[in-house]
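Encoded as structure tokens, the structure appears first; notes follow it.
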Amino acid sequence: MAHWWLRKLYRSIEGIPRRLMRWGHARFLNPGRIDQLEAAGPTGARMAGVLRQLRSGDLGPSTAWIDRIEAERQRLFRSDALVVDEPDAEPGPFDAGKTIRDISTASREPRPATLLHLLIREFQPAVALELGTNLGISSAYLASALRLNGQGTLFTLEGSPHRVRHAQAVHQRLELDNITYVTGLFVDTLGGVLDDARPIGFAFVDGHHQKEPTLNYFDAIWPHTREKAVIVFDDIRWSEGMKEAWRTLQEDRRIRVAVDLRDMGLCITTRDPSPEGRYVSSAIAA
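Under the working numbering, the very last position in the sequence shown is 301; numbers go up by exactly one each time.
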């Protein structure tokens with residue numbers, strides 16, 4: 016049975032394209048293709064286990080955290096307050112005239128966000144990285160998984176100081192204090208974070224949805240990752256450029272496992288350039 020927050024989300028969100036909600040369906044994953052991940056060896060088997068858990072909906076101790084985070088999502092979605100609500104504040108190019116409700120629709124939906132949470136639970140990174148904080152919902156899923164793991168810090172990067180301020184308020188209400196916020200353009204801030212935060216065990220790349228920036232972010236992040244780090248690329252079919260970026264990443268020998276979930280691409284990195292044991296999936300999400 017679907018969680019109460021998922022049923023409520025369906026009822027309350029209006030005007031969002033249906034394709035954005037497809038991950039809410041409990042059976043969006045093809046079980047046969049999940050089984051094929053076993054061909055990638057122990058690491059692929061761990062990834063398959065995460066996808067099976069997501070498909071089953073048996074989330075164990077994560078359920079309480081997810082319920083709290085989804086309550087925060089609902090609070091954001093009901094807010095007509097302006098994102099830029101400080102006198103004399105300079106709005107960013109994407110913030111002017113926007114309400115919290117407007118911006119909140121860009122946050123990752125419950126199922127994909129739960130997948131991010133479960134990946135951190137399984138792969139146990141000491142350091143996680145997020146490119147694109149927005150209002151802090153995905154960050155909360157990541158940071159709460161680190162909290163359940165008993166260790167780990169999330170570094171989250173965002174171009175808008177106004178969105179960072181609202182995200183901090185969300186995280187304070189959730190009592191998540193394992194998050195470091197970095198404000199500024201990714202091109203200006205990512206290098207310094209990578210120098211301070213290595214080795215990266217998990218990265219979620221959700222911003223600047225263009226081919227060259229996406230590939231540049233991977234090139235920048237990879238040298239700072241541990242062996243078998245998980246890197247998740249969002250919106251891999253957002254545009255022709257993103258489709259090309261994903262095809263390029265699938266062929267990159269620095270990636271041992273590449274899993275296509277249509278809207279998301281899951282990657283496990285390697286330092287071994289040999290082709291043996293590489294696994295690239297076709298789309299396994301409906």
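Note that CB positions come from ideal geometry on N, CA and C, so glycine has one too.
C-beta contact flag for residue i and residue j at 8 Å
i	j	result
residue 122	residue 153	yes
residue 135	residue 141	no
residue 148	residue 99	no
residue 206	residue 235	yes
residue 4	residue 229	Outside the modelled stretch of the chain, which goes from 16 to 301, sits residue 4, for which no answer is possible.
residue 251	residue 221	no
residue 219	residue 146	yes
residue 209	residue 239	yes
Collapsed DSSP secondary structure at residue i in the structure displayed
i	result
residue 114	strand
residue 173	strand
residue 251	coil
residue 233	helix
residue 219	strand
residue 78	helix
residue 150	coil
residue 191	coil
residue 129	helix
residue 295	strand
residue 124	coil
residue 184	helix
Spatial neighbours of residue i in its chain, beta-carbon cut-off 8 Å, leaving aside the 5 residues before and after
i	result
residue 61	137 and 138
residue 129	69, 74, 77, 81 and 156
residue 63	49, 50, 52 and 53
residue 114	94, 95, 96, 97 and 98
residue 116	91, 92, 93, 94 and 95
Beta-bridge pairing of residue i - partner residues as DSSP gives them
i	result
residue 283	245 and 272
residue 86	None, per the DSSP bridge assignment.
residue 196	171
residue 142	168
residue 240	215
residue 97	114
Cβ neighbours of residue i in the same chain (closer than 6 Å, five flanking residues each side left out)
i	result
residue 226	256, 259 and 260
residue 268	288
residue 217	135, 140, 143 and 245
residue 294	54, 55, 59 and 272
residue 280	248, 251 and 261
residue 158	169, 191, 193 and 194
Candidates the options: closest to residue i by CA position
i	options	result
residue 13	195, 84 and 265	Residue coverage of the chain in this structure runs from 16 to 301, which leaves residue 13 outside it and unanswerable.
residue 118	278, 96 and 133	96
residue 213	198, 170 and 223	170
residue 127	66, 273 and 46	66
residue 89	57, 46, 150 and 52	150
residue 188	51, 86, 71 and 276	86
residue 276	79, 115, 131 and 57	131
residue 160	192, 91 and 204	192
residue 241	172, 286, 112 and 197	286
residue 283	215, 231 and 223	215
8 Å Cβ cutoff, residue i in contact with chain D
i	result
residue 209	Among the chains of the structure shown, chain D does not appear; only one protein chain is present.
Contacting residues, own chain, Cβ-Cβ under 7 Å from residue i (five flanking each side not counted)
i	result
residue 166	141
Any non-hydrogen atom of the ligand PLP closer than 7 Å to residue i Cβ
i	result
residue 60	Absence of the ligand PLP from the depicted structure is noted, as is the absence of any ligand whatsoever, leaving it without description.
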